[in-house]
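Using our numbering, read the sequence shown as starting at 3 and increasing by one per residue.
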Amino acid sequence: MQKQFGTKLSKVRHPKYFMEVQHPVFATEYDWSDNDADEYFSRLGAGNKVTLRISRASEELQLVNNLRGQDSLTPALQVEVQKFLAGVDEISDFIPDGVSDYHGTSIALKTDRFIIVAADGKLTTKDNSEGLNLKADKVLRLDDMCVGICSSWKTLSITVGVLESRFRDVKNERAKRPTVSELADFLREESSSSCQGKSGTILGAFDQLEEGVCVPCISFADDCNRIDVNQPFFCLGTGAWFANKILSDGFKVDMGLDEAICLVERALVYASLHDSCTGGWDNINVIEVGKPVRAITREQICTTLWRRHHLSLPENPTRFTR
């Protein structure tokens, strides 16, 4: 039987209930007692009521989980945490088990001058959002191409092996690498014929679609998501809706590289706050014509990046009903 934590928890275990609770802690993996929860929220000063939507019995409030144990926060940030918790309203509409095999969040963004491929670093099992590794390398660099993968640990390993093998075979045969669309098509076919599980995979590179002209291209290997690969950005994974909201609100066609990196960081933070499979250390890679692929300094999404961007995040997101 699953452990239950938190004041009035037993009264909000039905999907149709909307309740106000003083101590909103929902967990299945974390060994907390009621006293631990009370002490934590008392320390944060979170005495205000919080409205929660409980969509399934096994979900946890990832927002609160990511803020717990932050003893190193300055007094000013403690105040901001309190304000953030007090303003939460119907945001815990988590993705139910089985809806998506694509654990985590991966992002592709392009302008005429650069491409960014990014992913979170939390590696999970297929049926569990608990992190096995918070610093997993979920962005694969293949020459001047980047591939962002969101999946559980087993399918991540399989996907990387398949991609590297196909990439090597095409290079040996043609003396040049495959295009992002070719590699995405191959991976899509491979995934549909395999029983090993699926991975949400995005690809980015400057491809020479016309003689002598390098064009920024992003693609994806996923039949379930109907995405227009000609648009300037898209996201895949369990945290994709939240990341896409940040990108939609902040993307500009003439934005600079630093501004774009900042936007992607915010998107990963926002996704991690609301998706239990997104977290760990960020993986952000930049592709520019004629330059080696550059990996941005890796930082913790739920601590370092959150402190940097929390004031600019939306307070009360409204998610589309599935």
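For each residue, glycine too, the CB sits at the ideal point set by N, CA and C.
These numbers come from a predicted model, not from an experiment.
Looking at the backbone, the Cα of residue 219 and that of residue 129 are separated by about 33 Å. Across the structure, residue 172 and residue 180 are spaced so that their CA atoms are roughly 6 Å apart. Put simply, the backbone Cα of residue 184 is about 10 Å away from that of residue 222.
Just measuring C-alpha positions, the residue of 182, 271 and 259 sitting nearest residue 232 is 182. Taking the CA atoms as reference points, residue 294 sits about 29 Å from residue 105. Taking 8 Å as the cut-off, the Cβ atoms of residue 152 and residue 137 do not count as close.
Closest by C-alpha distance to residue 287, out of 187, 271, 267 and 274, is 267.
The Cβ atoms of residue 285 and residue 133 do not sit closer than 8 Å to each other. By the Cβ neighbour-count rule, residue 314 is exposed, with fewer than 16 other Cβ atoms within 10 Å of its own.
In the same chain as residue 112, and ignoring 5 residues on each side of it, the C-beta atoms closer than 8 Å to its own belong to 118, 206, 218, 219, 220, 234 and 235, in chain order.
Pairing residue 303 with residue 271 gives a Cβ-Cβ distance under 8 Å. For residue 148 and residue 170, the gap between their C-alpha atoms comes out near 15 Å.
Straight through space, the alpha carbons of residue 292 and residue 116 are spaced by roughly 11 Å. Residue pairing by DSSP places residue 287 opposite 119 and 297 in a beta bridge. Sequence-distant Cβ neighbours of residue 244 in its own chain, meaning closer than 6 Å and more than five residues away, are 272, 273 and 276. Residue nearest to residue 120 within the set 290, 108 and 178 is 108 (criterion: CA-CA distance). Residue pairing by DSSP puts residue 239 in a beta bridge opposite 107.
Apart from sequence neighbours up to five positions away, the residues of its chain that approach residue 131 with a beta-carbon distance below 6 Å are 278 and 279, ordered along the chain. The three-state reading of DSSP puts residue 224 in coil, since its state is none of H, G, I, E or B. Beta-carbon to beta-carbon, residue 263 and residue 146 are separated by about 19 Å, too far to satisfy the 8 Å threshold. Going by beta carbons, residue 125 and residue 155 fall inside the 8 Å limit.
Burial of residue 247 is indicated by the presence of at least 16 other C-beta atoms within 10 angstroms of its C-beta.
Here the alpha carbons of residue 307 and residue 159 stand approximately 27 Å from one another. A distance below 8 Å separates the beta carbons of residue 203 and residue 161. Boundaries of the alpha helix (DSSP H) around residue 275: 259 to 276.
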